[in-house]
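Residue numbers (my numbering): 22 to 757.
Just so you know, even glycine gets a beta-carbon here, dropped at the ideal spot from N, CA and C.
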Amino acid sequence: MTRIFAKNFVISATPENIDGVKERAARTLEMIEQSTRLTEDGAARKLLIEDLQNDLNSYVTQFDKVTEWQGERNVLVIDRLNVLGPKTEQALTQVMQSALKDGDTTAAYQAGVTLRNLLLGRLYANRFLIQNDDASVDRAMREFRDMELNVENLFDELEDPKRRELATEVRDLQAEYMAAFVQVRRVIGNRNTLITHHLDRIGPAVADRIERLKLAIKNEQDTLGPTAQAAILRGETITSVASVVAIIFGIILAGWIGAGITRPIRTLTGAAKAMAAGDLNQKVDTERRDEIGTLAKAFVAMRGAIDEKVSSLESEIAERTNAERKLADAQRQLELTNEQLEETVSERTAELAAKERQLRVALTNMSEGIFTLDKDHRYEMVNDRYVEMCGLPTDLVMSGRSVEEAMQVAAEHGFYGSGESENLARERFEVMISDKYEEVESTTSTGRILNYRKSPMEGGGSIVVVSDVTERRHAERELSDAFQNISSSINYASRIQKSILPANDDLARRFDEHFVIWEPRDVVGGDVYWCHAWGEGQLVLLGDCTGHGVPGAFMTLISTGALERAMAEVEVGDVPALVQRMHQLVRQSLGQDGANANANDGLELGVCYVQPGRKQLTFVGARFDLFVVRSGGVELVKSSKKGIGYPEVPTDQIFEASVIDAAPGTRFYMTTDGAIDQINDAERRRFGKARFKELLMSVQEMSMPVQGEEILKTIEDYQGAAPRLDDIAVVGFNIG
22 MTRIFAKNFV ISATPENIDG VKERAARTLE MIEQSTRLTE DGAARKLLIE DLQNDLNSYV
82 TQFDKVTEWQ GERNVLVIDR LNVLGPKTEQ ALTQVMQSAL KDGDTTAAYQ AGVTLRNLLL
142 GRLYANRFLI QNDDASVDRA MREFRDMELN VENLFDELED PKRRELATEV RDLQAEYMAA
202 FVQVRRVIGN RNTLITHHLD RIGPAVADRI ERLKLAIKNE QDTLGPTAQA AILRGETITS
262 VASVVAIIFG IILAGWIGAG ITRPIRTLTG AAKAMAAGDL NQKVDTERRD EIGTLAKAFV
322 AMRGAIDEKV SSLESEIAER TNAERKLADA QRQLELTNEQ LEETVSERTA ELAAKERQLR
382 VALTNMSEGI FTLDKDHRYE MVNDRYVEMC GLPTDLVMSG RSVEEAMQVA AEHGFYGSGE
442 SENLARERFE VMISDKYEEV ESTTSTGRIL NYRKSPMEGG GSIVVVSDVT ERRHAERELS
502 DAFQNISSSI NYASRIQKSI LPANDDLARR FDEHFVIWEP RDVVGGDVYW CHAWGEGQLV
562 LLGDCTGHGV PGAFMTLIST GALERAMAEV EVGDVPALVQ RMHQLVRQSL GQDGANANAN
622 DGLELGVCYV QPGRKQLTFV GARFDLFVVR SGGVELVKSS KKGIGYPEVP TDQIFEASVI
682 DAAPGTRFYM TTDGAIDQIN DAERRRFGKA RFKELLMSVQ EMSMPVQGEE ILKTIEDYQG
742 AAPRLDDIAV VGFNIG
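Here it is in structure tokens:
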């Protein structure tokens, strides 16, 4: 009965079958222990019982391991396979329906092929869960591998971001499903190994030994009955002899002895006959200490053994009947499950057939050509659009014709350019038979440019999508020509912009030491610096115009003109008036000095005027600060909060001046916000003024030119892989 429950567990791993195995094994072990206690002699039987007990304990231990493997198998199937499979199917269906809706029939077709692989893979995975056969595993794994390849092909075809996201989800879910299925296969294999090499080996041996033990007990019972009968007959003989002898000692003594011996013997005889008739509840006196008492005890022991054996057999018969009934129920449930599975497969097959019909309609009406080749490189499927656009005779591109032959004709008509037609055709044919993705183009006799995208398929065939890219290629050429013209114009503008910047020799003549960092974000930029003699003093200016690239460059030209005119109109040395006049001139140039101004352009400006005698420096900032390094620290000279040229800044805006002593060792620095606002790639944080101050202090032991190199390197290292946000310009100098 233990084995029957174990077999039921393999078919249906229910708690009732697990408890049935353990309960029957425990009862069998209890019966073995009782047999051991009742076996007072017989070394062979004791050894048999001990071996039986050890094997049955081993059987129970191995069955516990089987239940553990079965539990792990159920978790994987319920929590992984039965969850991942439907999710993957749902995502693929969404891709296919979305692609069909948008007219992307190539992607829809690829999604349908992938969905078919998924459904077949799940079908054979479920068949393996029922039959545990290698054939189902091999077929399921083959379908999953095909699906993996088709998912990659699908991903290559998709351009819509949402469908690409769904395809990525399908790829991840398929990998999880395949990994879970491999785990299920391993767990079931381990479980079946235990059943085959342990339970199926130990079970028959235990059953055989129990049967032999039952037969031995039965033989003893068969021997004990006649022995008891012989003892009764012997007792009657003794009684008769004793009666004859007792006559000598007297009738009374003989009667007393006869009554004392004959009555219990007759009682035993009556009990034996009642037992033979099936009544095992006869009372027998076992208190006597003579041979009759011994006989009575043996009789009672025999009755107990018979009673226990009868009860055991009745229980086993009932349990076996119940187990057979449950086995029949399980078989019916299994057949019902198979019927439901076959019905599901039929429904899915019908759905796939309907979707295939939809795809064929779509292929017929799609704007792109498409054809498939079999493993022998012959046309297998060709849609009407490809026949229309390929420029070849219809009978050359029909199903069953060799693609190599069609390519030879195309080469002879000049579709592949000039050269030996056989070599050109051979090169194209090698592309078609390669086992990887390929993309080539050809020009038909009518001048149309066709783009061929070939993807290999399982089994040696391939699918090719053909697009007419004539207009696209013409537009690309026009765009390239326009780009070359624009690039030439921008490069010319760059030369113009650089021509208005002061030469390095100019700066070297005016200052003991200096450096200039001028790094436009693009070819041209919106940062600009000037250096001019103004009277007997020197002007150094750094500006940051709105925008960068070409718009910023135009602003630098406007600002340069405004500076030159302001220097001519303003009294020498009046730096606030110089900045105010530049503000007015920039507004006029941009048309931002009237009520209808609709632009918001201008610049931030820092102006340093080194007074005659070079003892003091006058600074005026329009939303532009000055960094002064002296006495072992960095001072920040604040500026006005208003820029210049902007329509919201009043025409008569006053810009305040700061006068700074230029003691020996004092160094002056101005920077546009491109360096301050540059972010890094790790934290996306600005370089900032605090870090810029620390950088200035760290380079004070270096010469000015080396300082410039170190400052630029530090900013670039901080930027890392982050994008450059703005133009960068830094000017540093000393005057004593």
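In terms of DSSP beta bridges, what is residue i paired with?
{"i": "Thr307", "result": "Its beta-bridge partners do not exist; DSSP assigns none."}
{"i": "Phe754", "result": "His535 and Phe689"}
{"i": "Val461", "result": "Tyr473"}
{"i": "Asp489", "result": "Leu471"}
{"i": "Glu625", "result": "Asp565"}
{"i": "Ile700", "result": "Arg707"}
{"i": "Phe392", "result": "Val403 and Val485"}
{"i": "Ile732", "result": "Answer is none; Ile732 lacks a bridge partner."}
{"i": "Tyr758", "result": "This structure gives no information on residue 758, because the portion of the chain shown stretches from 22 to 757."}
{"i": "Ile749", "result": "Glu540"}
Just checking my contact of residue i with residue j at CB under 8 Å: how many whole Å lie between their CB atoms?
{"i": "Ile681", "j": "Val658", "result": "7 Å"}
{"i": "Leu139", "j": "Glu110", "result": "6 Å"}
{"i": "Asp76", "j": "Ala226", "result": "6 Å"}
{"i": "Ala678", "j": "Val641", "result": "5 Å"}
{"i": "Ile484", "j": "Thr393", "result": "5 Å"}
{"i": "Gln601", "j": "Gln674", "result": "6 Å"}
{"i": "Ala432", "j": "Leu445", "result": "4 Å"}
{"i": "Met117", "j": "Gly133", "result": "6 Å"}
{"i": "Trp551", "j": "Pro523", "result": "6 Å"}
Looking at the structure shown, is residue i part of a helix, part of a strand, or coil, going by DSSP?
{"i": "Thr639", "result": "strand"}
{"i": "Ile223", "result": "helix"}
{"i": "Ile675", "result": "coil"}
{"i": "Tyr550", "result": "strand"}
{"i": "Glu180", "result": "coil"}
{"i": "Gln559", "result": "strand"}
{"i": "Tyr437", "result": "coil"}
{"i": "Glu669", "result": "coil"}
{"i": "Val649", "result": "strand"}
{"i": "Asp682", "result": "strand"}
{"i": "Glu479", "result": "coil"}
{"i": "Ser336", "result": "helix"}
{"i": "Ser423", "result": "strand"}
{"i": "Gly291", "result": "helix"}
{"i": "Asp300", "result": "coil"}
{"i": "Met723", "result": "coil"}
{"i": "Gly210", "result": "helix"}
{"i": "Leu413", "result": "coil"}
{"i": "Ser520", "result": "helix"}
With residue i as the anchor, note down where its alpha helix (DSSP H) starts and where it stops.
{"i": "Asp694", "result": "Asp694 to Ile697"}
{"i": "His604", "result": "Val596 to Leu611"}
{"i": "Arg449", "result": "Ser442 to Ile454"}
{"i": "Gly664", "result": "Unbroken run through Gly664: none, as it is neither H nor E."}
{"i": "Met117", "result": "Asn103 to Asp123"}
{"i": "Thr217", "result": "Counting along the chain, Thr217 falls outside any alpha helix (DSSP H), and DSSP gives it neither H nor E."}
{"i": "Ala587", "result": "Gly570 to Glu590"}
{"i": "Thr135", "result": "Thr126 to Gln152"}
State the Cα-Cα distance for the pair residue i and residue j, rounded to the nearest angstrom.
{"i": "Ala743", "j": "Gly547", "result": "21 Å"}
{"i": "Val87", "j": "Leu373", "result": "40 Å"}
{"i": "Gly481", "j": "Trp539", "result": "59 Å"}
{"i": "Val544", "j": "Arg745", "result": "13 Å"}
{"i": "Ala514", "j": "Asp502", "result": "18 Å"}
{"i": "Gln609", "j": "Phe676", "result": "19 Å"}
{"i": "Ala263", "j": "Arg255", "result": "Here the model assigns Ala263 a pLDDT of 48, short of 50, so the residue's position is not dependable and the matter cannot be decided."}
{"i": "Gln740", "j": "Tyr458", "result": "38 Å"}
{"i": "Leu215", "j": "Asp221", "result": "9 Å"}
{"i": "Ile665", "j": "Ala112", "result": "58 Å"}
{"i": "Gln605", "j": "Lys662", "result": "17 Å"}
{"i": "Thr693", "j": "Val752", "result": "9 Å"}
{"i": "Arg712", "j": "Ala620", "result": "34 Å"}
{"i": "Thr307", "j": "Ser336", "result": "30 Å"}
{"i": "Gln152", "j": "Tyr145", "result": "10 Å"}
{"i": "Thr577", "j": "Phe754", "result": "22 Å"}
{"i": "Gln728", "j": "Tyr690", "result": "11 Å"}
{"i": "Glu479", "j": "Glu164", "result": "11 Å"}
{"i": "Val406", "j": "Glu389", "result": "Correcting the residue type first, residue 406 is Arg in the shown sequence and not Val. One C-alpha to the other measures close to 6 Å."}
{"i": "Gln115", "j": "Met402", "result": "26 Å"}
Which stretch, first to last residue, makes up the beta strand (DSSP E) that contains residue i?
{"i": "Gly654", "result": "Gly654 to Val658"}
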